[in-house]
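Heads up: the structure comes next, in structure tokens.
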Amino acid sequence: MFALDALTVRTERRGEPLEVCSAVMMVATQDDPNNMRLAARVSDLYDALKPEQTLPLYDVNTGEKIGLLVCYGQTQIMPVVRTGGKKRLQGVQFTAGVSLVDDLVIS
């Protein structure tokens, strides 16, 4: 399971369409005694959120591509958190610029 946590968005420069997004993407596994599946999923997520990686943004209602997240700065893997049950959680913290479709050509 993947979940977005601690999302903040701010305008970098007044009047400009570029926004900055900082967030922690959480990964959870269950019945994973050695955390091997958790480690694999977190590694994949970390690779996807490294600086200079891009992720498409979609409109929640229409599914239309509306822009890109462009990762930059430092990407960090957070410590494993144990819940009350058998679940383990681990997050990847990242920062990305948000460019809307009006600002660039998306292929």
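Per the numbering used here, residue 158 is the first one in the sequence shown, and the count goes up by one each step. Cβ coordinates follow ideal geometry from the N, Cα and C atoms, glycine included.
For Tyr-203, the closest alpha carbon among the candidates Gly-254, Gln-247 and Ser-256 is that of Gln-247. Here Arg-239 has Arg-245 as same chain residues with Cβ atoms under 7 Å from its own Cβ, once five neighbours each way along the sequence are excluded. Around the Cβ of Val-255, a 10 Å sphere holds 16 or more other Cβ atoms; the residue is buried. If you compare the alpha carbons of Val-237, Ala-185 and Gly-230 with that of Glu-209, the shortest gap goes to Gly-230.
Spanning the alpha carbons of Met-183 and Thr-211 requires a straight line of approximately 19 Å. Between Val-199 and Val-249, the C-beta gap is smaller than 8 Å, which places the two residues in contact. Under DSSP, Gln-187 forms no beta bridge with any residue. Following the DSSP letters along the chain, one finds Val-227 inside the beta strand (DSSP E) bounded by residues 222-234. Cα atoms of Met-193 and Lys-222: separation of roughly 34 Å, rounded to the nearest angstrom.
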